[in-house]
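The structure under discussion appears below in the form of structure tokens.
Numbering (my numbering), first residue to last: 1 to 186.
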């Protein structure tokens with residue numbers, strides 16, 4: 001199956017996922033994340049402001065703040081790239097041309113090398129760590145030059161069989177599912 005077909009199939013599953021089931025899975029995934037050494041060691045954590053179909057990241061953000069971790073969130077740029085900006089309760093937020101909540105344009109980006117852990121979003125994931133995103137390639141471009149830890153929290157509906165990865169696809173190092181943790185890169 002092609003990536004586009006897999007993406008559409010999983011999006012349909014997520015649209016039809018019962019909210020209570022989604023919340024229950026999210027609780028398991030988040031609790032598991034908090035028990036990983038990657039989380040424990042990280043001082044600067046990058047993650048998205050979740051969109052409707054994505055895993056709710058608000059509890060992760062709150063926990064990071066309560067542990068005095070720095071939270072950074074993505075901001076897209078015109079050249080199909082992105083950077084990350086420190087996010088606090090009073091950070092000015094704008095809505096991007098994609099309808100995403102992002103830090104204001106005037107804020108200074110965090111250095112890629114300062115980010116310890118990126119919680120990488122996606123639509124679908126295979127056990128090799130490859131992901132299918134929403135199709136913009138923003139994360140693959142950012143991760144190509146990133147040496148820190150990456151983790152994805154994977155709902156049951158997002159787990160798929162191995163698919164043909166493209167040369168530019170960057171695998172996530174750690175997948176957290178409701179049943180296990182998969183370390184894809186030793």
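The beta carbon of each residue, even a glycine, is placed where N, CA and C say it ideally should be.
In terms of alpha-carbon separation, which member of the options lies closest to residue i?
i: residue 145; options: 82, 62, 10, 16; result: 82
i: residue 55; options: 185, 66, 177; result: 177
i: residue 86; options: 13, 65, 98; result: 65
i: residue 118; options: 136, 143, 2; result: 143
i: residue 47; options: 173, 3, 170, 72; result: 72
i: residue 18; options: 174, 156, 184; result: 156
i: residue 78; options: 4, 13, 2, 138; result: 138
Name the DSSP bridge partner or partners of residue i?
i: residue 1; result: Bridge partners of residue 1: none, in fact.
i: residue 84; result: 74, 110
i: residue 94; result: 102
i: residue 176; result: 153, 181
Within a Cβ cutoff of 6 Å, which residues of the same chain sit near residue i, ignoring the five residues on either side of it in sequence?
i: residue 124; result: 6, 10, 132, 158, 160
i: residue 92; result: 104
i: residue 96; result: 76, 102
i: residue 168; result: 140
In the DSSP assignment, find the unbroken beta strand (DSSP E) run with residue i in it and report its ends.
i: residue 149; result: 149 to 153
i: residue 45; result: 44 to 46
Sorted by chain position, which residues of the same chain lie with C-beta nearer than 8 Å to residue i's C-beta, five sequence neighbours on each side aside?
i: residue 15; result: 53
Within the continuous alpha helix (DSSP H) that includes residue i, where are the two ends?
i: residue 168; result: Per DSSP, residue 168 belongs to no alpha helix (DSSP H) and is neither H nor E.
i: residue 28; result: 19 to 34
Any heavy atom of the ligand MN closer than 7 Å to the beta-carbon of residue i?
i: residue 122; result: Among the ligands in the structure shown, none appear at all, so the ligand MN cannot be discussed.
| field | Ordered list of beta strand (DSSP E) runs contained in the region 120 to 166, each at least 3 residues | value | Runs found: 149 to 153.
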